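A.B. asks:
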């Protein structure tokens, strides 16, 4: 028998016991689930708010951030074994076949759980024990209705699909539609489109904006339904305002004249250019690393660096808030993915201790970031590298958001912590500070560089980063490392501090530490269930009133924790920061009144 803890919160002991008793070969005692070796559990899926978890060989629960569900989704198409159960924190969502359903008690708490499961529009994950085909399936739903008439009462408070477009637009998330139902590939996308359209019609689809010029602090933006507004732009990733720098433009023009716009080949073949090699050398010098590999996108660098190095028997320890490219690269490389608590050296050490206690033969990759893009915080990289050396692990750090915009000479969190040249593997992106697409992997091992050239799919199977992009990044990097770059970072942080202080003075405490990312939480008192609706209405009001932050909602962040991710540029002024904080605070407060009064209904068209 294998005993390991599983995290149950807000559920009575009696309910947990009855849930576990409904299945086969398991029992519950004092927070521990007991599995028989080789036991197969079909149709049971445990969920808790905000974090996913995974049993690895029945011995370990790994935590996942909600965004990873997208990459994980194909996994949920068949029967689950005891090593493949997912669990979440704070509440339980059950997927039971008809036999187990009939064994559940008639308690109000169980009905609440079933209601939530239906409300999340995830019923397609229910598994049929005999056929392993996906449900819904008429007999299953008949069983629910026959057993519990009051189910509709509980469902009324949770349903995603509601009676009018306003309610539909204010509720739900893209996660509800990640695994569509039906055997018609095209038609089964219709429910998502209907939900999306309901948000568009009420101007609550605050994504996919179109800009009409170089990203600037003030600009005109058009939304997907054609409304054009001029205003303050806090949604572009151009931290040092280098997109409009004359030296960057001149470098682009010269490269276009000398090389043309296209590399015209994989870097493993004939896609390399002399300017690419120059850029690699200058990046290596800036990072105090010996070798740099360039990728056509930052996402490709994150995914490809991990996928190129890790094999199926290896292990990856991944921060639970790591970026999608890192998560997707990890779960695509091995099933031995261990989520550790965000920025927790103790949690990481526990994972490493557990792994090495059972496996001394295979490699371990530890993955983290410099500045985390949703929470604006960072790990202690000195401790991370030390613990990796202690356990024979390799450290991989993503510096996409802090490299160039923070730290001495623009060296980011690595430079700030005195770790230049000391991190095993460094990955970055050019899309935040360096005015271009593209990314890189930096290493002190020439063997690693050469290996990735032929085993990292986004590198070998993509055209090389273009000479025009290389010229832009090279020019930006030279500015970043100059006195002018230092002056731009000072200007940037002056505005960052002003923006955070202005929100604080209005009773809104921004998340994390000062960085080019300023996360502004959107909360409606003590009721997190209404936060997403509040965020959508607030974002719509802000757009119409000429302030453009990025709205981030579930599943990119935990449910009930939406935020505006404001991205500051060096060319923003302190007055613009104050104006943005004023408008956004007013919009949040007005949205609370609108929603409380019920004025946001199916007849409500547009934002005044």
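Residue numbers (our numbering): 107 to 714. A virtual CB, placed ideally from N, CA and C, is assigned to each residue, including glycine. From a predicted model like this one, the values you see are computed outputs, not experimental measurements.
Is the CB-CB distance between residue 641 and residue 661 below 7 Å?
C.D. replies: Working through the chain shown from its first residue, we reach residue 641 at position 535. Working through the chain shown from its first residue, we reach residue 661 at position 555. Contact: no.
A.B. asks: Go ahead and label residue 802 buried or exposed: buried means 16 or more other beta carbons lie within 10 angstroms of its beta carbon, across all protein chains shown.
C.D. replies: The requested residue 802 does not occur in the structure, where the chain is confined to residues 107 to 714.
A.B. asks: Mind the definition here: the stretch 473 to 486 touches the stretch 422 to 430 only if three or more C-beta pairs lie below 8 Å; say whether that holds.
C.D. replies: Contact between the stretch 473 to 486 and the stretch 422 to 430 is present, because at least three Cβ pairs lie under 8 Å.
A.B. asks: With H, G and I counted as helix, E and B as strand and the rest as coil, what does DSSP make of residue 440?
C.D. replies: Mapped onto the chain shown, residue 440 falls at position 334. Three-state result, residue 440: coil.
A.B. asks: Candidates 532, 613, 616 and 655: which alpha carbon is nearest residue 390's?
C.D. replies: By one-based count along the chain shown, residue 390 stands at place 284. In terms of CA proximity to residue 390, 532 leads the group 532, 613, 616 and 655.
A.B. asks: Can you look up residue 309 in the DSSP assignment and give me helix, strand or coil?
C.D. replies: Residue numbering aside, residue 309 sits at position 203 when the chain shown is read from its first letter. Of the three classes helix, strand and coil, the one that applies to residue 309 here is coil, per DSSP.
A.B. asks: Figure out for me which residue from 332, 340 and 326 has the closest Cα to the Cα of residue 657.
C.D. replies: Taking the first residue of the chain shown as position 1, residue 657 is located at position 551. Looking at the Cα atoms, 340 is the closest of the given residues.
A.B. asks: Between the C-alpha atoms of residue 507 and residue 478, what's the straight-line distance to the nearest angstrom?
C.D. replies: Position 401 of the chain shown holds residue 507. Position 372 of the chain shown holds residue 478. For residue 507 and residue 478, the distance between alpha carbons rounds to 8 Å.
A.B. asks: From residue 297 to residue 318, what distance separates their C-alpha atoms?
C.D. replies: Taking the first residue of the chain shown as 1, we reach residue 297 at position 191. Taking the first residue of the chain shown as 1, we reach residue 318 at position 212. Straight-line Cα distance between these residues: approximately 32 Å.
A.B. asks: Helix, strand or coil for residue 510, going by three-state DSSP, please let me know.
C.D. replies: Within the chain shown, the letter at position 404 stands for residue 510. Coil.
A.B. asks: I'd like to check one pair, residue 447 with residue 413: are the Cβ atoms closer than 7 Å?
C.D. replies: For the purposes of this step, residue 413 is identified with residue 307 of the chain shown, where counting begins at 1. For the purposes of this step, residue 447 is identified with residue 341 of the chain shown, where counting begins at 1. 7 Å or more divides the Cβ of residue 413 from the Cβ of residue 447.
A.B. asks: Quick check on residue 336: does DSSP put it in helix, strand or coil?
C.D. replies: Counting from 1 along the chain shown, the entry for residue 336 is found at position 230. Three-state DSSP puts residue 336 in a strand.
A.B. asks: Can you round the beta-carbon distance between residue 655 and residue 648 to whole angstroms, since I take them to be within the 8 Å contact cut?
C.D. replies: For the purposes of this step, residue 655 is identified with residue 549 of the chain shown, where counting begins at 1. For the purposes of this step, residue 648 is identified with residue 542 of the chain shown, where counting begins at 1. That belief holds up - the Cβ atoms of residue 655 and residue 648 are roughly 7 Å apart, short of 8 Å.
A.B. asks: Give me the DSSP bridge partner(s) of residue 535.
C.D. replies: Position 429 of the chain shown, counted from the first residue, corresponds to residue 535. Looking at the DSSP output, residue 535 bridges to 545.
A.B. asks: Which residue spans inside the stretch 347 to 386 form an unbroken alpha helix (DSSP H) run of at least 4?
C.D. replies: 352 to 365
A.B. asks: Pull the bridge partners of residue 502 from the DSSP assignment, please.
C.D. replies: By one-based count along the chain shown, residue 502 stands at place 396. According to DSSP, residue 502 bridges with 473 and 531.
A.B. asks: Expressed to the nearest angstrom, what Euclidean distance is found between the alpha-carbon atoms of residue 454 and residue 462?
C.D. replies: The sequence position of residue 454 within the chain shown is 348, counting from 1. The sequence position of residue 462 within the chain shown is 356, counting from 1. Distance between the alpha carbons of residue 454 and residue 462 is about 12 Å.
A.B. asks: Under 7 Å between the Cβ atoms of residue 523 and residue 487?
C.D. replies: The sequence position of residue 523 within the chain shown is 417, counting from 1. The sequence position of residue 487 within the chain shown is 381, counting from 1. Contact flag set, yes.
A.B. asks: Tell me whether residue 684 sits in a helix, a strand or coil according to DSSP, three-state version.
C.D. replies: Walking along the chain shown from the start, residue 684 turns up at place 578. The answer is helix: DSSP assigns residue 684 an H, G or I state.
A.B. asks: Can we say the stretch 356 to 365 touches the stretch 570 to 588, given the rule of at least three CB pairs closer than 8 Å?
C.D. replies: Verdict: yes, contact present.
A.B. asks: For the putative contact between residue 583 and residue 622, defined by C-beta atoms under 8 Å, what is the C-beta separation to the nearest angstrom?
C.D. replies: Against the chain shown, residue 583 aligns to sequence position 477. Against the chain shown, residue 622 aligns to sequence position 516. Not confirmed; about 17 Å, so no contact.
A.B. asks: Tell me the residue span of the beta strand (DSSP E) that contains residue 294.
C.D. replies: Working through the chain shown from its first residue, we reach residue 294 at position 188. Unbroken run through residue 294: none, as it is neither H nor E.
A.B. asks: Using the C-alpha atoms, what's the distance from residue 292 back to residue 206?
C.D. replies: The residue labelled residue 206 in the question sits at position 100 within the chain shown. The residue labelled residue 292 in the question sits at position 186 within the chain shown. Note that residue 206 scores a pLDDT of 45, beneath 50, so its modelled location is shaky; the value from the coordinates is reported in the next line. C-alpha separation (whole angstroms): 33 Å.
A.B. asks: Would you mind giving the Cβ-Cβ distance between residue 586 and residue 310, rounded to the nearest angstrom? I have them listed as a contact below 8 Å.
C.D. replies: Mapped onto the chain shown, residue 586 falls at position 480. Mapped onto the chain shown, residue 310 falls at position 204. Rounded, the Cβ-Cβ distance is 38 Å, inconsistent with contact.
A.B. asks: Contact defined as beta carbons within less than 8 Å: I believe residue 618 pairs with residue 627. What is the distance between those atoms, to the nearest angstrom?
C.D. replies: The residue you call residue 618 lines up with position 512 of the chain shown. The residue you call residue 627 lines up with position 521 of the chain shown. About 10 Å; that fails the 8 Å criterion.
A.B. asks: Residue 547: which of 281, 387 and 430 sits nearest, CA to CA?
C.D. replies: Translated into positions along the chain shown, residue 547 becomes position 441. Ranking 281, 387 and 430 by Cα distance to residue 547 puts 387 first.
A.B. asks: Determine contact between the stretch 500 to 517 and the stretch 530 to 544, defined as no fewer than three beta-carbon pairs at a distance below 8 Å.
C.D. replies: Three or more Cβ pairs drawn from the stretch 500 to 517 and the stretch 530 to 544 lie within less than 8 Å of each other, which places the two stretches in contact.
A.B. asks: Whole angstroms is fine: what's the gap from residue 467's alpha carbon to residue 604's?
C.D. replies: Counted from its first residue, the chain shown places residue 467 at position 361. Counted from its first residue, the chain shown places residue 604 at position 498. If you take the alpha carbons of residue 467 and residue 604, they lie about 52 Å apart.
A.B. asks: Checking the sheet assignment: what are the DSSP bridge partners for residue 322?
C.D. replies: Working through the chain shown from its first residue, we reach residue 322 at position 216. Residue 322 is not bridged to any residue.
A.B. asks: Alpha carbon to alpha carbon, how far is residue 616 from residue 305? Give it in angstroms, no decimals.
C.D. replies: One-based indexing of the chain shown puts residue 305 at position 199. One-based indexing of the chain shown puts residue 616 at position 510. If you take the alpha carbons of residue 305 and residue 616, they lie about 27 Å apart.
A.B. asks: Alpha carbon to alpha carbon, what distance is there between residue 354 and residue 677?
C.D. replies: In the chain shown, residue 677 corresponds to position 571, counting from 1. In the chain shown, residue 354 corresponds to position 248, counting from 1. Distance between the alpha carbons of residue 677 and residue 354: 16 Å.
A.B. asks: Just to confirm, is the Cβ distance from residue 543 to residue 396 under 7 Å?
C.D. replies: Mapped onto the chain shown, residue 543 falls at position 437. Mapped onto the chain shown, residue 396 falls at position 290. Not a contact, by the Cβ cut-off of 7 Å.
A.B. asks: Closest to residue 452 by C-alpha separation, out of 481, 432, 431 and 494, would be which residue?
C.D. replies: Within the chain shown, numbered from 1, the residue matching residue 452 stands at position 346. It is 494 whose Cα lies nearest to the Cα of residue 452.
A.B. asks: Please check if any C-beta of chain C sits within less than 7 Å of the C-beta of residue 459.
C.D. replies: The displayed structure is made up of one protein chain only, and chain C is not part of it.
A.B. asks: Helix or strand or just coil, what does DSSP make of residue 615?
C.D. replies: On the chain shown, position 509 is the one that residue 615 refers to. Coil, per DSSP.
A.B. asks: Between residue 499 and residue 284, what straight-line distance do the alpha-carbon atoms span, to the nearest angstrom?
C.D. replies: Taking the chain shown and counting its residues from 1, one reaches residue 499 at position 393. Taking the chain shown and counting its residues from 1, one reaches residue 284 at position 178. Cα to Cα, residue 499 sits roughly 34 Å from residue 284.
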